[in-house]
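The sequence shown maps to residues 387 to 554 in the numbering used here.
Backbone N, C-alpha and C fix where the C-beta goes; we use that ideal spot for every residue, glycine too.
Working notes, beginning with the structure itself.
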Amino acid sequence: MKSLQFLTALIFVWLSNPIILPSSAQAADKLENKYLKQLLLRIYSKTGMSVPEVGDAHFPNVVFVTQQFLNGMVCKNRNCNAQAATKDTTVFLVNGLDVNTVEGESILYHELVHILQFHNFGKNPNCKSWIKREVQAYQLQDEFVSDKGLDMPWLRSVTHYLTQMCPQ
């Protein structure tokens, strides 16, 4: 149910105001550009979306932030336990997220899908566009964890809820 609460709150991310990073946000120095590029190229191989070059304005910037910051960004300051979010070309990961685990790496992978969606298609113009992009990101994340030998059934079930979120 926490995943559904998180998902419900995510719909407002694309409507949010520009992000101002808290002073505690730190660059993800342990996430080297080479590693990010490998993940982006995997997404390219699955989707055909073009990948920005390192140094390009659309190449992802990954920062670790507090849980409180993510709650404010994703959940209008409610405690929804969000682990990550993306705004334009920046990926926000909660402090302590271990991207060396399949689950942690899959969360980063999901957010990188959004980076490429932004790079290729710009901002979401409406709810239906947002849903389409989220469904794609969750489907690719599910495939990613499956390829790594892990099964996370909620990734498949969340897409059903997503398709019902936009007003008719």
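Identify the continuous alpha helix (DSSP H) that holds residue i and give its terminal residues.
i      : result
Ala523 : Cys513 to Asp533
Thr545 : Trp540 to Leu548
Phe507 : Val488 to Phe507
Nearest to residue i by CA position, among the options, is which residue?
i      : options                           : result
Val437 : Gln525, Ile501, Ser543 and Ala523 : Ile501
Val480 : Lys518, Lys420, Arg428 and Val448 : Val448
Cys513 : Gln522, Ile493 and Thr549         : Thr549
Asn465 : Thr472, Lys473, Ala471 and Phe455 : Phe455
Asp442 : Ser543, Ser532, Trp516 and Asn419 : Asn419
Phe478 : Arg519, Ser431 and Thr452         : Thr452
Val488 : Val544, Leu417 and Ser532         : Ser532
Ser492 : Thr475, Gly535, Phe445 and Val440 : Gly535
Lys473 : His505, Gly490, Asp537 and Asn467 : His505
Tyr524 : Thr545, Ala468, Leu425 and Met435 : Thr545
For the beta strand (DSSP E) that contains residue i, what are its first and last residues?
i      : result
Asn447 : Asn447 to Val451
Round the Cβ separation of residue i and residue j to the nearest angstrom and send it over; I've been treating them as touching at under 8 Å.
i      : j      : result
Tyr495 : Gln522 : Tyr495 to Gln522, Cβ: 12 Å. No contact.
Leu483 : Ala471 : Contact flag wrong, Cβ pair sits at about 12 Å.
Ile517 : Cys552 : 6 Å
Asn475 : Pro511 : Asn is not the amino acid found at residue 475; the sequence shown has Thr there. About 18 Å; that fails the 8 Å criterion.
Checklist entry - In chain order, which continuous runs of the alpha helix (DSSP H) of length 4 or greater are located wholly inside the region 423-488? => result Counting whole runs of 4 or more residues, the region 423-488 contains the alpha helix (DSSP H) stretches 453-460.
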